Amino acid sequence: MKKETTGASRIILVICGFFVVTNLFSQLTGREIIKMVDDNPDGENRKSLMTMELINHRGATRERTILSYSMDLGKDSKSIMFFQSPADVKGTGFLSWQYDDPDRDDDKWLYLPAMKKVRRISGSSSRNENFMGSDFTYDDMGGRNVDEDEHSIVGEESLDGFQCWVIESKPLESDAAYTRTVSWIRQDALIPVKVEFYDRMGELLKTLLASDITKEAGFWTSRKLEMSNHKSNHRSIIAMESIEYNIAMNESLFTVPSLERGLIE
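Quick note on numbering that gives the first Met the number 0: the sequence shown kicks off at 0 and runs consecutively.
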């Protein structure tokens with residue numbers, strides 16, 4: 000005969016389950032949390048239409064429209080994006096091959112239609128140059144291997160009503176763009192909702208805020224990113240107008256010839 004579970008018993012089971020999960024979370028290391036974020040499912044490929052708004056210290060704005068594609072290839076990934084408007088940047092493209100191997104630098108190319116020229120982005124340019132006048136560097140537009148940094152938990156905080164781990168990450172290489180970053184990781188979605196970037200003087204340089212976080216096709220998605228530069232008082236806002244996951248896509252899209260051909264619908 001199946002034993003009936005009373006209301007009181009159910010409450011006890013829930014409480015016990017809560018403490019088991021809480022205990023497991025409390026035993027996680029900083030690296031394990033960042034690895035969970037890195038492994039968070041986001042589909043095999045993605046297509047998105049975005050707007051990028053640039054806001055200077057006077058409040059003047061410029062807006063750009065971007066069409067972006069990305070594809071995972073095992074632990075590596077490739078992405079390509081094309082600027083659709085305004086006219087002065089239309090046809091500009093950016094291609095990135097991101098490698099999981101921490102000893103291998105990512106490959107990046109920028110296509111400038113006015114010059115009909117592809118420029119390879121590497122080294123200090125990738126780390127320090129801003130992407131198309133925004134507050135994101137070329138490296139910011141990609142990701143970092145989990146083991147390129149040393150990660151430690153510095154606390155837990157509630158941010159906008161969601162419980163977050165606070166993780167400090169320090170680069171292992173001496174020529175990194177930032178001396179450290181501090182990330183607030185939403186525990187339910189495994190998405191960084193706030194990241195602070197510190198410069199070589201140890202001062203806060205930039206803050207990234209992620210918002211409008213929803214599930215799209217079963218995948219946690221941040222539909223708005225805002226990067227603020229505290230030195231220049233300049234902001235960049237990337238808003239996702241639409242996104243599609245796991246659509247028909249060929250790896251041949253992610254090549255320099257595709258970049259040179261320009262806009263793809």
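All residues carry an ideal CB built from backbone N, CA and C; glycine is no exception. Just so we're clear, the structure is a prediction, and the values are computed from it rather than from any experiment.
Query, Result
"By how many angstroms is the C-alpha of Gly154 removed from the C-alpha of Ile33?", "14 Å"
"With respect to the alpha helix (DSSP H) encompassing Gly142, which residues constitute its N-terminal and C-terminal limits?", "Note, Gly142: premise wrong, no alpha helix (DSSP H); not H, not E."
"Rounded to whole angstroms, how far is the Cβ of Leu189 from the Cβ of Asn39, which I believe are closer than 8 Å?", "4 Å"
"With 16 other CB atoms within 10 Å as the buried threshold, where does Arg118 fall?", "exposed"
"Here's the rule: buried if 16 or more other CB atoms are within 10 angstroms of the residue's CB, otherwise exposed. What is Gln97?", "buried"
"What residue range is occupied by the uninterrupted alpha helix (DSSP H) comprising Pro256?", "255-260"
"Identify the continuous alpha helix (DSSP H) that holds Arg234 and give its terminal residues.", "Unbroken run through Arg234 is the beta strand (DSSP E), 233-244; no alpha helix (DSSP H)."
"Name the residue from Glu225, Leu111, Gly201, Ile152 whose alpha carbon lies nearest to the alpha carbon of Glu259.", "Leu111"
"Whose C-beta lies closer than 6 Å to the C-beta of Met287 among residues of the same chain, with five residues either side of it excluded?", "The question about residue 287 has no answer, for the chain in this structure spans 0 to 264."
"Can you check DSSP and say which residues form a bridge with Asp106?", "Trp96"
"My assumption, with CB atoms under 8 Å, is that Ser210 sits in contact with Val194. Please give the rounded CB distance.", "Their Cβ separation, rounded to whole angstroms, is 13 Å, which puts Ser210 and Val194 out of contact at 8 Å."
"Helix, strand or coil, according to DSSP, for Ser157 in the structure here?", "strand"
"When the distance is taken between beta carbons, is Ser124 closer than 8 Å to His150?", "no"
"Does DSSP put Ser67 in a helix, a strand or coil?", "strand"
"What did DSSP end up calling Asp211 once you bin it into helix, strand or coil?", "strand"
"From Glu250 to Met70, what distance separates their C-alpha atoms?", "8 Å"
"Could you give the C-beta distance for Asp75 and Asp99, rounded to a whole number, given that I count them as a contact under 8 Å?", "6 Å"
"Grab me the residues of Asn55's own chain with a C-beta within less than 6 Å of its C-beta, minus the 5 sequence neighbours each way, in chain order.", "His233"
"Determine the DSSP secondary structure at Asp148, reduced to helix, strand or coil.", "strand"
"With H, G and I counted as helix, E and B as strand and the rest as coil, what does DSSP make of Glu225?", "strand"
"Taking the alpha carbon of Asp159 as the point to measure from, which residue in Glu62, Ile184, Lys77 has its own alpha carbon closest?", "Ile184"
"Taking C-beta to C-beta, are Leu204 and Ile79 nearer than 8 Å?", "no"
"Could you tell me the alpha carbon to alpha carbon distance between Leu224 and Phe196, rounded to whole angstroms?", "15 Å"
"Whole angstroms are fine: how far does the CA of Asn127 sit from the CA of Ile152?", "27 Å"
"Check each candidate in Lys214, Thr178, Trp219 and name the one with the smallest Cα separation from Gly201.", "Thr178"
"Check whether the Cβ atoms of Lys206 and Ser227 lie closer than 8 Å to each other.", "Just to set this straight, residue 206 is Thr in the shown sequence, not Lys. Against a cut-off of 8 Å, the Cβ pair of Ser227 and Thr206 comes out as a contact."
"Measuring CB to CB, does Glu172 end up less than 8 Å from Cys163?", "no"
"Starting from Lys34, trace the alpha helix (DSSP H) both ways and give me its first and last residue.", "29-37"
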